[in-house]
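Numbering (this note's numbering), first residue to last: 2 to 106.
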């Protein structure tokens, strides 16, 4: 079982969406992520750079004919952070559903 660890870096909705999409695959093309999440190139680049700086994402730019492709992959640290964050969100939801923290009537 994964230890719940809320991650402030992953939590913003755009970054959480990017990480969740990357978690389901090995390498994912930049264009696929951009189109799936309906982001601009610059918005996605900024989010990937932030995640890369944190060590959560690896970026690869393989040559493909005359153009360079860009693709991203979660690192081991990124997968661990995502799993911990999801576990923390599940714990928050479980506490809310169980009524823990409800004010007394």
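Ideal Cβ placement from N, Cα and C applies to all residues, glycine included.
Quick check on the burial criterion: 16 or more other C-beta atoms within 10 angstroms. Buried or exposed for residue 1? Lying before the first or after the last residue shown, residue 1 is absent from the chain, which here runs from 2 to 106.
Decide if residue 62 is buried, meaning its Cβ has at least 16 other Cβ atoms within 10 Å, or exposed. The residue is exposed, with fewer than 16 neighbouring Cβ atoms inside 10 Å.
Does at least one heavy atom of the ligand MN sit under 8 Å from the Cβ of residue 34? Because no ligand of any kind appears in the structure shown, any question about the ligand MN cannot be addressed here.
In the DSSP output, what is residue 74 paired with across the bridge? Residue 74 is bridged to 59.
Measuring alpha carbon to alpha carbon, tell me which of 66, 88, 74 and 82 ends up nearest residue 25. Ranking 66, 88, 74 and 82 by Cα distance to residue 25 puts 74 first.
Alpha helix (DSSP H) runs wholly inside the region 2-45, at least 4 long, in chain order: Counting only runs of 4 or more, we get 14-24 and 31-38.
Which partner residues does residue 65 have in the DSSP bridge list? DSSP lists 68 as partners of residue 65.
Around the C-beta of residue 8, are 16 or more other C-beta atoms found within 10 angstroms, so that it is buried, or is it exposed? The residue in question, residue 8, is buried, as its Cβ has 16 or more Cβ neighbours within 10 Å.
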